[in-house]
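> For reference, the structure I am asking about is given below.
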Amino acid sequence: MTTADDTRRRLEIEREALDGCEAEPIQFIGSVQPYGWLMTLDLADDLTVRHVSSNLETLTGIAVDDAIGRFVDQLLPRDIVHTIRNILGHSTIETTRENVDVVTFDSADTPFALSIHRTGGLAILEGIPANDPPGLIRRFNDAQRVFARLALDGPLEQMLTAAVHEVRVLLGYERVKVYRFAPDGSGDVIAESRVDDIESYLGLRFPSYDIPAAARQLYTTTPIRIISDTTAGGDVAIVGGGAEVDLSLSILRGTADVHTQYLRNMRLGSSLSLPVVVDGRMWGLFACHDRSPRVPTPGEITLAELLSWSLSTAVATALRGEADERRATIAAALDALLDQPAGRQTGMTLDLTSIVDQLLGLTSSDGLAVVTDTGIATHGHTPSRDVVATCIAAMRNPMIPAQGSARFTTELATLVDDDLGTSRGALLLDLPITGLESLVFFRDEAATSIDWAGAPSKEISEADDGFRLNPRASFAAYRQEVEGQSNPWESPAVRAALDLVDGFGRLTGHIELNERVDLLVRELSHRIRNTLSLVSSIAHYTGDAANDVDEFIALMDARLDALSAAHGLLTDADWEPVDLGTLLRRIARPFDRDSSEAIRLTGPSLLIAPGKATTLTLLFHEMFANAARHGSLSSPTGTVDVEWNADTDGAGTVTWRERGGPTVAPPSSAGFGTSIIRDGAAHELGGIELDFAPEGLTAVLSLDARRSGVEGAHESVATATSSVRLGEALVVEDDFMVAMNTKRMLEELGADNVTIHATASGARHILDERAVDFAVLDVSLEEGSSLEIAALLRSRAIPFVFATGYGSSDANLQNLGALAVLTKPVSPSMLAGVIDAGSRPR
Numbered sequence: 011m012t013t014a015d016d017t018r019r020r021l022e023i024e025r026e027a028l029d030g031c032e033a034e035p036i037q038f039i040g041s042v043q044p045y046g047w048l049m050t051l052d053l054a055d056d057l058t059v060r061h062v063s064s065n066l067e068t069l070t071g072i073a074v075d076d077a078i079g080r081f082v083d084q085l086l087p088r089d090i091v092h093t094i095r096n097i098l099g100h101s102t103i104e105t106t107r108e109n110v111d112v113v114t115f116d117s118a119d120t121p122f123a124l125s126i127h128r129t130g131g132l133a134i135l136e137g138i139p140a141n142d143p144p145g146l147i148r149r150f151n152d153a154q155r156v157f158a159r160l161a162l163d164g165p166l167e168q169m170l171t172a173a174v175h176e177v178r179v180l181l182g183y184e185r186v187k188v189y190r191f192a193p194d195g196s197g198d199v200i201a202e203s204r205v206d207d208i209e210s211y212l213g214l215r216f217p218s219y220d221i222p223a224a225a226r227q228l229y230t231t232t233p234i235r236i237i238s239d240t241t242a243g244g245d246v247a248i249v250g251g252g253a254e255v256d257l258s259l260s261i262l263r264g265t266a267d268v269h270t271q272y273l274r275n276m277r278l279g280s281s282l283s284l285p286v287v288v289d290g291r292m293w294g295l296f297a298c299h300d301r302s303p304r305v306p307t308p309g310e311i312t313l314a315e316l317l318s319w320s321l322s323t324a325v326a327t328a329l330r331g332e333a334d335e336r337r338a339t340i341a342a343a344l345d346a347l348l349d350q351p352a353g354r355q356t357g358m359t360l361d362l363t364s365i366v367d368q369l370l371g372l373t374s375s376d377g378l379a380v381v382t383d384t385g386i387a388t389h390g391h392t393p394s395r396d397v398v399a400t401c402i403a404a405m406r407n408p409m410i411p412a413q414g415s416a417r418f419t420t421e422l423a424t425l426v427d428d429d430l431g432t433s434r435g436a437l438l439l440d441l442p443i444t445g446l447e448s449l450v451f452f453r454d455e456a457a458t459s460i461d462w463a464g465a466p467s468k469e470i471s472e473a474d475d476g477f478r479l480n481p482r483a484s485f486a487a488y489r490q491e492v493e494g495q496s497n498p499w500e501s502p503a504v505r506a507a508l509d510l511v512d513g514f515g516r517l518t519g520h521i522e523l524n525e526r527v528d529l530l531v532r533e534l535s536h537r538i539r540n541t542l543s544l545v546s547s548i549a550h551y552t553g554d555a556a557n558d559v560d561e562f563i564a565l566m567d568a569r570l571d572a573l574s575a576a577h578g579l580l581t582d583a584d585w586e587p588v589d590l591g592t593l594l595r596r597i598a599r600p601f602d603r604d605s606s607e608a609i610r611l612t613g614p615s616l617l618i619a620p621g622k623a624t625t626l627t628l629l630f631h632e633m634f635a636n637a638a639r640h641g642s643l644s645s646p647t648g649t650v651d652v653e654w655n656a657d658t659d660g661a662g663t664v665t666w667r668e669r670g671g672p673t674v675a676p677p678s679s680a681g682f683g684t685s686i687i688r689d690g691a692a693h694e695l696g697g698i699e700l701d702f703a704p705e706g707l708t709a710v711l712s713l714d715a716r717r718s719g720v721e722g723a724h725e726s727v728a729t730a731t732s733s734v735r736l737g738e739a740l741v742v743e744d745d746f747m748v749a750m751n752t753k754r755m756l757e758e759l760g761a762d763n764v765t766i767h768a769t770a771s772g773a774r775h776i777l778d779e780r781a782v783d784f785a786v787l788d789v790s791l792e793e794g795s796s797l798e799i800a801a802l803l804r805s806r807a808i809p810f811v812f813a814t815g816y817g818s819s820d821a822n823l824q825n826l827g828a829l830a831v832l833t834k835p836v837s838p839s840m841l842a843g844v845i846d847a848g849s850r851p852r
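FYI, in the numbering used here the residues of the sequence shown are 11 to 852.
Below you can see the structure in the form of structure tokens.
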């Protein structure tokens, strides 16, 4: 009877065996296959030979001891060495093996085709027999036709079915099959071409440990892997001094005994593998098999490498086509959400009911839970709402498999003890959208079977250095019944889920941008209506005071000019607080007699809120107009002195003094000007005291901070919610000079590296490429807005600030998770204040 301790020990042994397999240094194997020879050349010592394969003398007649330590031009013809030096200067020499030429040694009959590549401080020079068969050029021509066909062969499965046949014809192997790797590393044979009397593996699955993760990683940079003879007596060693030789790109790289035995167990004499690499990751593998030993010629190797690159390109193109169709479906579904009546949206919480079927189809799911900030809604086959919440908590465990922002499992019951109903698999998506927190897709139990190429059990033996994984002895079809699990979350479904995250991010930006446009339109409409009301009021009171049409026109022109000056100043300041001194200078300009002493304006910087600037403009316009008509400015020697100060609590006082004019007496009646001066100041600004002394008018205007909107500093810093580390910083700004200035400030504040970009799409690419610690976002960009980037940063818990020319009080911006909303121009002190506030322990 098997006990829990027995099971635990078996799992420990399997883990040790797998770890040993994964840790095998396959690129530093220290040997090469015996059909060719190898030299390493020291790049720092004029191409001195440092290592050679031990079969060098057998194949070339050059003794090993005579080669090591000598310059390569003492061993090879001068024209060959000249070509080698030229090739080593190519920019791709560390990632691509290049052909050199053919050389024949005096003491050997066989000519050798040379190829070379670079790794670290060494150049790896390899020679293989140059025995290309007649008609090889025709095969290259046929390959060109194949490349053209692959690009036109329709859906991916159809293209791969054609590709395996064409590869078998071009390379001459008895069987060609293509694996597609699943997220767990196992591989399904999805297309195959073979001669009639060799076994078929079509439709079978190979376990992940047949091609360990280390081998799959190496395949991403190696276009071809050849094993020429599984029956040979073994590889030949590389001898010489210095560090181990990295054979990652070597065509002759030796083979591990376990791999050779694996192929012998498949009754194969040779193999050739062509990886399919898409976006830097291993998507699949074309495996070419023959029951006899087979040494490809140099031309066939070059042809195979071209096939590898073209197959990867063809698969990538087909996948992009599928992705485009998938994204179009997602875009259409999300566009439908934008057409929902406003009543079906609360804040940013969208009603997904109308597109549930499309979402389930895209991810091949049986149920969906929509998690919002107000609760959980379920559709189709899902656990109860309480259990959904438990599932979400369990799946946020870092040990759960993840791809991007998607986490998924096929064995939900091993994570959650509650009643799951029919659900056994789940895929969790956290969304960058306010109010809509997560989507959880569920799959029912799949009581199904998997057809393996041989039983997937691990065969383990104990060696002196621990437990080792043995190659499987049988590859006969083996059916495994699967219970208690869902179907695996294959790449297309996971990719569809990730595309949904991107789509919701763009939808967030679109909706929030529309809301912002609506806000701006409403604000503009509000301001226009207020302005029209103001003009109507001015016209009414001016008409009452004017004696004739000419006087009415003159008074209206003057008052509207003053109003226009105020609006021009506010527009220049993007309707942010304006400086009192600047406002007064604009108002006083029409009354200035070109004498610097007639009107004197003195005082510190004092900012007036936009809503109060109009009242102050009209008030001081009337005071200057009265001074010009009846007061000091009506006399050639009269003066007006306006002085102001700012108190520590943000309030201020403005003192007006007229001197040198006619004798003053209090007005007998209150007209429009007097009403503006007295009542307007009292109602909106804080009050005014008027002293009509005979020698001249004195007025003291109080600017109450609570009523006049006086601001002492022009910064808006929100409370930081997380610690700020500049490190790698991102600036999204479409004005180059502004972006460069922001970059300079961040560097002065301690950023290690600052990247700038002008568009949201470029910023999204940067965030997908590397980690970012801090960001500064210009809200309005030439190509849209940065709101979708803000949502993405928030979803990844990356601190950021907005820099905007619209003003710092926009609630929509302040609710998007920014540390601060800063008003342009952003100063170093503003950024430093945000960073300091965000870095303080809370």
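Where a beta carbon is used, it is the ideal one built from N, C-alpha and C, also for glycine.
Buried or exposed for PRO233, going by 16 or more other Cβ atoms inside 10 Å?
buried
> Would you call THR752 buried or exposed, if buried means 16 or more other Cβ atoms sit within 10 Å of its Cβ?
buried
> Assuming PHE812 is part of the beta strand (DSSP E), what are its boundary residues?
For PHE812, the enclosing beta strand (DSSP E) covers residues 810-814.
> By how many angstroms is the C-alpha of GLU607 removed from the C-alpha of GLY648?
9 Å
> By the DSSP assignment, the alpha helix (DSSP H) with MET8 in it spans what residues?
Not covered by the structure: residue 8. The range shown for the chain is 11 to 852.
> Of the choices PRO466, LEU791 and ALA801, whose alpha-carbon is the least far from that of GLY855?
Because the chain spans 11 through 852 in this model, residue 855 falls outside it and cannot be assessed.
> I'd like the span of the alpha helix (DSSP H) that includes ALA770, first residue to last.
Where ALA770 is concerned, the enclosing alpha helix (DSSP H) stretches over 770-779.
> In whole angstroms, what is the alpha-carbon distance linking VAL766 and ALA223?
Residue identity differs from the one stated: residue 766 is Ile in this sequence, not Val. Each residue's Cα considered, the two are about 36 Å apart.
> Would you call MET409 buried or exposed, if buried means 16 or more other Cβ atoms sit within 10 Å of its Cβ?
exposed
> Closest to ALA253 by C-alpha separation, out of ALA404, LEU437, VAL366 and HIS61, would be which residue?
HIS61
> For TRP319, does the three-state DSSP call read helix, strand or coil?
Helix at TRP319.
> Relative to the alpha-carbon of ARG505, which residue among LEU594, LEU372 and ALA463 has its alpha-carbon at the smallest distance?
LEU372
> Can you have a look at GLN490 and say buried or exposed, based on whether 16 or more other CB atoms are within 10 angstroms of its CB?
exposed
> Could you pull the start and end residues of the alpha helix (DSSP H) that MET409 belongs to?
Looking at the DSSP string, MET409 is not in any alpha helix (DSSP H), and its letter there is neither H nor E.
> From PRO193 to ALA412, what distance separates their C-alpha atoms?
9 Å
> Under a three-way DSSP split, which group does GLN43 fall into?
Looking at GLN43 - three-state DSSP - the assignment turns out to be coil, as it is neither helix nor strand.
> Rounded to the nearest angstrom, how far is the Cβ of ALA782 from that of ILE799, given a contact under 8 Å?
The sequence shown places Val at residue 782, not Ala. Actually they do not touch by this definition, with Cβ atoms about 10 Å apart.
> Taking C-alpha atoms, which residue in GLN271, MET276, THR231 and THR270 lies nearest to ALA257?
Per the sequence presented here, residue 257 reads as Leu, with Ala not at that position. Ranking GLN271, MET276, THR231 and THR270 by Cα distance to LEU257 puts THR231 first.
> Where does PRO838 fall in DSSP's three states?
Helix, per DSSP.
> Which residues bound the alpha helix (DSSP H) around GLY164?
It is not in any alpha helix (DSSP H) - GLY164 carries neither H nor E in the DSSP assignment.
> I need the boundaries of the beta strand (DSSP E) containing GLN490, first residue and last residue.
487-492
> Quick check: the Cα distance between SER318 and PHE157, rounded to an integer number of angstroms?
A straight-line Cα-Cα distance of about 11 Å links SER318 and PHE157.
> Is it right to say GLU176 is buried, meaning 16 or more other beta carbons lie within 10 angstroms of its own, or is it exposed?
buried
> Is the Cβ-Cβ distance between LEU66 and VAL74 less than 8 Å?
yes
> Identify, in the order they occur along the chain, each residue of the same chain with its Cβ nearer than 7 Å to the Cβ of HIS299, setting aside the five sequence neighbours on each side.
TYR183, GLU184, ARG185, LEU278 and SER281
> Just to confirm my understanding: we take GLU668, look at its own chain, exclude 5 residues before and 5 after, and list those with CB closer than 6 Å. What are they?
ALA637, GLY641, SER642, VAL650, GLY706 and LEU707
> Roughly how many whole angstroms lie between the Cα atoms of GLY71 and ALA77?
Distance between the alpha carbons of GLY71 and ALA77 is about 11 Å.
> Secondary structure at SER678, three-state DSSP: helix, strand or coil?
Residue state for SER678 is assigned as coil, using DSSP reduced to three classes.
> In angstroms, rounded to a whole number, what distance separates the CA positions of PRO600 and LEU713?
25 Å
> Looking only at its own chain, which residues have a Cβ that is under 6 Å from the Cβ of ALA503, when we skip the five neighbours before and after it?
THR373 and SER374
> DSSP state of ILE36, grouped into three classes?
helix
> Pull up the CB-CB distance for VAL652 and VAL664, whole angstroms please, since I reckon it's below 8 Å.
7 Å
> If we ignore side chains and look at the alpha-carbon of each, how far apart do VAL710 and THR625 end up?
16 Å
> Specify, as a first and last residue, the run of the alpha helix (DSSP H) that SER805 falls within.
797-805
> Looking only at its chain, what residues have a beta carbon closer than 7 Å to the beta carbon of GLY245, apart from the 5 residues adjacent to it on each side?
The sequence given here places Asp at residue 245; Gly does not occur at that position. Excluding sequence neighbours, ASP245 sits near SER41, VAL42, GLN43, PRO44, GLY264 and THR265.
> With a threshold of 16 other CB atoms inside 10 Å of the CB of HIS92, please say whether the residue is buried or exposed.
Its Cβ having fewer than 16 others within 10 Å, HIS92 is exposed.
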